[in-house]
Structure formats: structure tokens, C-alpha cells
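Chemist:
In this note's numbering, the protein residues as written are 152 to 340.
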């Protein structure tokens, strides 16, 4: 499903990642482990198209997506849940979810929103609430739900439990297991 070959990404003259290779097969959950500053977030951002690689190749299925724009990568089936959630605090929960389905028809976005709310029942009573008022766990559920609105085949999760209590982290881990059981491929940091 995802093949990363000899990938290098630089910030100016400094190589943040150098010659990285990685394979993620359909249905797998793969986790990147390493110390702070090892380049895990840079790798995910490069795969998602937020950073341009200096060299190497990124393939998603049969497509060479190296250097593609993030919106094109999203349409091809890869979605990123960034570190620190990055939800739109001034938008409602409902609006945040609908933004995640921007590539879908209006009717399909409503269907997907209903599926996400079924997956995350805590969000159902908060649809009209500004996202800035959510707890950390609710905000993380919203961030993941927003990414799921794109109907990805591969979901990249950058530190999905960052800042969460152990109890809420367990909820996120249970969710990751649920997504894996639903045949979604995951690459986590």
C-alpha cells in the first residue's frame, strides 16, 4: 500500500530525514518509534505532501505520489491527523467534520458525519459546540473523525495520544484497534 524508498527531506542544508525506507502493507498498523528529533513527524509530513522531499520516492498503491500536493494525496486515499490535533477552534464540531469531507458531495458528507458520530458517540451531543470548548480527548476524536471524513485507505496518526490522560489514551488505542478491524491501514508515530 505505502512504499517509501530512500527518502530524504531537508530543512535548508540540514537533512531532517536521510535515506528512509518503509513499507506498510494494506491492513497493517505500523508505528514509528524513536527519540525526539529523529524525524518521525517530518516523515509523516513528507508522505502527506506537506513537505517536499529532496530525494527518494513515495508510492501509494500503484501511484508515485512523490511531490504531489496535499489535496491530491488526500484524494488518492491518504489522510493525516497532525500532532496537536489542529482542529478549527472557532468552527463547530459539525463544521470541522464537514470540512474533512470537502472532496465529497454534500449528501455523502452528511452520511460520513453520521458514521463518524456513531464511531465517536461523545461528539454527538457536541455537534453545535465550538471545537475550542472540547476536552483534549474530544478534540482528538474530532481530529481523527475529520480525517476519516475523507474515506482514506491509509491514515497517518502523528502522536494521537499526546497530552491525553492514560484513560483517554486507552480510548484512542481502542479506536485504533477498531479502525484496524475495519480494514483501515494505519501509520502511527
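A virtual CB, placed ideally from N, CA and C, is assigned to each residue, including glycine.
Output the distance between the C-alpha atoms of residue 339 and residue 261, rounded to the nearest integer angstrom.
Modeler: As a working mapping, residue 339 is identified with position 188 in the chain shown. As a working mapping, residue 261 is identified with position 110 in the chain shown. Each residue's alpha carbon lies about 27 Å from the other.
Chemist: According to DSSP, simplified to helix, strand and coil, what is residue 168?
Modeler: Numbered from 1 along the chain shown, position 17 holds the residue referred to as residue 168. Residue 168: strand per DSSP, three-state reduction.
Chemist: Decide if residue 272 is buried, meaning its Cβ has at least 16 other Cβ atoms within 10 Å, or exposed.
Modeler: What you label residue 272 is simply residue 121 of the chain shown in a count that begins at 1. It is exposed - the Cβ of residue 272 has fewer than 16 other Cβ atoms within 10 Å.
Chemist: Quick one: measure Cβ to Cβ for residue 290 and residue 327, integer angstroms, because I've assumed they're closer than 8 Å.
Modeler: Numbered from 1 along the chain shown, position 139 holds the residue referred to as residue 290. Numbered from 1 along the chain shown, position 176 holds the residue referred to as residue 327. With 8 Å as the limit, residue 290 and residue 327 do not qualify as a contact, their Cβ atoms being about 17 Å apart.
Chemist: What number of angstroms, rounded off, separates the C-alpha of residue 279 from the C-alpha of residue 294?
Modeler: Position 128 of the chain shown holds residue 279. Position 143 of the chain shown holds residue 294. C-alpha separation (whole angstroms): 16 Å.
Chemist: So if DSSP puts residue 153 in a beta bridge, which residue, or which two residues, is it bridged to?
Modeler: To locate residue 153, count along the chain shown from 1; it is residue 2. Paired residue(s): 175, 211.
Chemist: Of all the options 302, 288, 307, which has the alpha carbon lying nearest to the alpha carbon of residue 321?
Modeler: Against the chain shown, residue 321 aligns to sequence position 170. Out of 302, 288, 307, 288 has the C-alpha closest to the C-alpha of residue 321.
Chemist: Using DSSP bridges, identify the partner residues of residue 230.
Modeler: On the chain shown, residue 230 is found 79 positions in, with the first residue counted as 1. According to DSSP, residue 230 bridges with 306.
Chemist: Looking at the strands, I want to know which residues DSSP matches up with residue 299.
Modeler: Here residue 299 refers to the residue found at position 148 when the chain shown is read from its first residue. Note: residue 299 sits in no beta bridge, so no partner.
Chemist: How would you write the range of the alpha helix (DSSP H) that residue 181 sits in, first residue to last?
Modeler: Within the chain shown, residue 181 is the residue found at index 30, counting from 1. Here residue 181 belongs to no alpha helix (DSSP H); instead the beta strand (DSSP E) covers 180 to 182.
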